[in-house]
Amino acid sequence: MTAMPDAPGEARVVLEARGLSKRFGSVTALDGCDLEARAGEILAVIGDNGAGKSSLIKALSGALLPDTGTIQLDGVPVRFRHPRDARAAGIETVYQELALAPSLTIAENLFLGRELRRGGLAGRLMRLLDRPRMVREAAAQLEALGVAVRSPVQTVDTLSGGQRQGIAVARSAAFARHVVILDEPTAALGVRESAHVLDLIRRVRDRGLAVILISHNMPHVFDLADRLHIQRLGRRILFCPTGRLTPADAVAVMTGATVPGAP
Amino acid sequence: MTTGALGVPAGTGTPWLSRVGPLVALLVACAFFATQSPRFLAAGNFSLILQQVMVVGVLAIGQTLVIVTAGIDLACGMVMALGAVTMSLLATQAGVPAPVAIGGGVALTTAFGALNGLLVTRVALPPFIVTLGTMNVAFALTQLVTRSQSVTGLPDALTWLGTTVPVAGVPVALGTVGMLGAYGVAWLLLRETAAGRHLYAVGSHRDAARLAGIDTDRVLLGAYTLSGFCAGVAGLLAVARTGVGDPQAGQTENLDTVTAVVLGGTSLFGGRGVVLRTLVGALIVGVFRNGLTLMGVSSVYQVLVTGVLVILAVATDQWSRRRG
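Taken in sequence, the protein lines are chains A and B.
To convert, take the position in the first sequence, counting from 1, and add 936; that gives our numbering.
To convert, take the position in the second sequence, counting from 1, and add 19; that gives our numbering.
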């Protein structure tokens, strides 16, 4: 099963992976896996446990180096050896439960690893932080994305799960130039908090970024995604616009009850 | 969305008790000892307390850096003693110029710190075990090179930081000024630089820090190496204060640093803490030692009191954190 042919006028393919494979001893996590993500679209990656979703995402975000296969970002071949490499290339990832340092403030978390330094000697020689500017820009960024918090100098451990997820998504949106990858962004959230995060994800897409969403939540997937990527046994077995399938069809393909392309 | 006061550092989430608690405890202790001994409040006595605190104070800076990363340095006191006798032996028996001797001692303690850091990061051993091991190694080396004898006959340059200058009629040791300066530098590093914030991030959530692109191994290595450097400086202060290279030094200081850090409200779980409050913690220990001595209380009770203080400090921290 391969990708549907491009219709004219469709969104540009930003991230394209071909034939990614990864083995851990006798276990094959990825077995010639393809992926395609387009600018201004949400691509949902769904699949049963053990289908290779995590390994695929890790390969795209630099947390795992595939044994074989190629990744192209905006048509240019890339090779990520470290999460830093992917971030530098413009791919931001929100990892489930692993996004933020709880004892730092919201502003410090937004700029974690990319702190702004003061100008002049204080910044260049003494490497002092420009805290007011980081707080200002954090506030502006959160406001632009509609993430409501009391103050950007609150520490993250004072926030609810939904607010934390909002901060993590806002950080990725603030720094991503091409792709935002979200790993189960609503898994730990209640109904109302999930709705906020889903809205936020739409706003990130509307900025023209390619969004890759990994989720087990079929209603969220069918609510949000422009395209579906169904992963099974380390491979993409189906790739199509969301409207072509019902949730029941998707689950049948995921679990192997239906084999796509079969008569 | 409302925005709080701009430029306010981390602290909104810090329980109020751990923010003001250490200072209140210090003031209460001072008030208590003032009622017990008329000599306690004399300006000269405060200068003495600062001198008594300066060795632990400098060591505790390094300990704070390490504990903020959710680690611990149990070796710092013994490494300090090794540094102290090394610079003393270099200056006396090897006959090298004093600045070179001092540099040699500090280089050795810094190398010990780096070794701790490498074992914690590259070999991925628990900090508790690593530093327990290097503590014993440093202690044994100290005894071997000195044959357990104090090194005497030191040149003036090694004891210069112990000399006092009169400030408003009160003798102030140069070393205490140095200690306060060191706290200023550490405060700036932790609060106002990216490297400082990365220490907190690593201690708060190591995986999150790594995935945010921080080289967590480098941060940890830096913390332990700086702790080794602090041990070298503290060794110089210990030599300056006592006038000898003492192979038995560092044994009370070792755990006193942990006491000072914990009394200062830094979390042993990492990610939280303010280095200036470690100074307050060290002063609490110093004030108790000094006050109990003035009251004529045996030093065994002083040890007992510091033990109770640590447990109280940790309990208070836990309690106020749970209640938010």
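Backbone N, C-alpha and C fix where the C-beta goes; we use that ideal spot for every residue, glycine too.
(request) Return no unless some Cβ of chain A is closer than 9 Å to the Cβ of residue 290 of chain B. (result) yes
(request) Name the two residues that bound the continuous beta strand (DSSP E) containing residue 957 of chain A. (result) 949 to 960
(message) Per the DSSP calculation, residue 158 of chain B is bridged to which residue(s)?
(response) Beta-bridge pairing links residue 158 of chain B to no other residue.
(request) Can you give me the Cβ contacts of residue 49 of chain B inside the same chain, cut-off strictly under 7 Å, excluding the 5 residues immediately before and after it? (result) Its chain contains 306 as the residues whose beta carbon lies nearer than 7 Å to that of residue 49 of chain B, once the 5 sequence neighbours on both sides are disregarded; these appear in chain order.
(request) Excluding the 5 residues preceding and the 5 following residue 1017 of chain A in the sequence, name in chain order all residues of the same chain whose CB lies nearer than 8 Å to its CB. (result) 998 and 1001
(request) Using 10 angstroms around the beta-carbon of residue 1127 of chain A, count the other beta-carbons present and answer buried if the total reaches 16, otherwise exposed. (result) exposed
(request) Pull up the distance between the alpha-carbon of residue 1078 of chain A and that of residue 1105 of chain A, whole angstroms please. (result) 10 Å
(request) Show which residues of chain B have a CB atom less than 7 Å away from the CB atom of residue 1019 of chain A. (result) For a Cβ distance threshold of 7 Å, residue set 230 and 232 of chain B lies close to residue 1019 of chain A, ordered along the chain.
(request) Could you give the DSSP three-state label for residue 119 of chain B: helix, strand or coil? (result) DSSP places residue 119 of chain B in helix when its eight states are reduced to three.
(message) For the alpha helix (DSSP H) containing residue 1142 of chain A, name the first residue and the last one.
(response) 1127 to 1142
(message) For a test of the three-state rule: what should DSSP assign to residue 1173 of chain A, helix, strand or coil?
(response) strand
(message) Quick check on the DSSP output: the beta strand (DSSP E) that includes residue 963 of chain A runs from which residue to which?
(response) Residues 963 to 974.
(request) Would you grab the beta carbon distance between residue 254 of chain B and residue 128 of chain B for me? Rounded to a whole angstrom, and I think it's under 8 Å. (result) With a Cβ gap of about 6 Å, residue 254 of chain B and residue 128 of chain B count as contacting.
(request) Below 6 Å CB to CB, which residues in the same chain sit around residue 24 of chain B once its five sequence neighbours on both sides are set aside? (result) Here residue 24 of chain B scores only 34 on pLDDT, less than 50, and its place in the model is too uncertain to base an answer on.
(message) Using only the alpha-carbon positions, how far apart do residue 207 of chain B and residue 1054 of chain A sit?
(response) 14 Å
(request) Report the residue from A:1037, A:1047 and A:993 whose alpha carbon sits nearest the alpha carbon of residue 1022 of chain A. (result) A:993
(request) Can you check DSSP and say which residues form a bridge with residue 1165 of chain A? (result) A:981 and A:1175
(request) Give the DSSP-derived three-state secondary structure of residue 1053 of chain A in the structure shown. (result) Note: residue 1053 of chain A maps to strand in three-state DSSP.
(request) Return the CA-CA distance between residue 242 of chain B and residue 329 of chain B, expressed in angstroms with no decimal places. (result) 23 Å
(request) Identify every run of the beta strand (DSSP E) within the region 1063 to 1127 of chain A, keeping only runs that are complete inside it and at least 3 residues long; order them along the chain. (result) The qualifying runs are 1115 to 1119.
(message) Can you confirm whether residue 1185 of chain A, when its beta carbon is compared against all beta carbons of chain B, has any partner nearer than 9 Å?
(response) no
(message) So that I know if they touch, is there some Cβ in chain B lying closer than 9 Å to that of residue 989 of chain A?
(response) Closer than 9 Å: no.
(request) Within its chain, find whatever has a CB closer than 6 Å to the CB of residue 1189 of chain A; leave out the 5 residues flanking it on each side and keep chain order. (result) 1166, 1174 and 1196
(request) Check whether the Cβ of residue 222 of chain B lies closer than 9 Å to any Cβ atom in chain A. (result) yes
(request) Identify whether residue 211 of chain B lies in helix, strand or coil by the three-state DSSP scheme. (result) helix
(request) Kindly list the residues whose CB is nearer than 8 Å to the CB of residue 58 of chain B, restricted to its own chain and excluding five residues on each side of it in sequence; keep chain order. (result) 64 and 313
(message) I'd like to know if residue 1065 of chain A contacts chain B, where contact means its C-beta is closer than 9 Å to some C-beta of that chain.
(response) For residue 1065 of chain A, a Cβ of chain B is located within less than 9 Å of the residue's own Cβ.
(message) If we define contact as Cβ-Cβ less than 9 Å, is residue 202 of chain B a contact residue for chain A?
(response) no
(message) Counting only Cβ-Cβ distances shorter than 7 Å, please list the residues of the region 1026 to 1051 of chain A near chain B, keeping chain order.
(response) 1031, 1034, 1035, 1036, 1037, 1038, 1039, 1040, 1041, 1044, 1048, 1049 and 1051
(message) Rounded to whole angstroms, what is the Cα-Cα separation between residue 1047 of chain A and residue 164 of chain B?
(response) 49 Å
(message) What does the Cβ neighbour count give for residue 148 of chain B, buried or exposed, with the cut at 16 atoms within 10 Å?
(response) exposed
(message) Within a Cβ cutoff of 8 Å, which residues of the same chain sit near residue 1013 of chain A, ignoring the five residues on either side of it in sequence?
(response) 1006 and 1007
(request) Would you verify that the beta carbon of residue 1113 of chain A is, or is not, closer than 9 Å to some beta carbon of chain B? (result) no
(message) If I measure Cβ to Cβ from residue 1070 of chain A and keep anything under 8 Å in the same chain, skipping five residues before and after, which residues do I get?
(response) 1043, 1044, 1046, 1047, 1051 and 1052
(message) Let's test the definition: count the other Cβ atoms within 10 Å of the Cβ of residue 985 of chain A and tell me whether it reaches 16, buried, or not, exposed.
(response) Residue 985 of chain A is exposed by the Cβ-count criterion.
(message) What are the residues in the region 1135 to 1160 of chain A lying within 8 Å of chain B by C-beta distance?
(response) none
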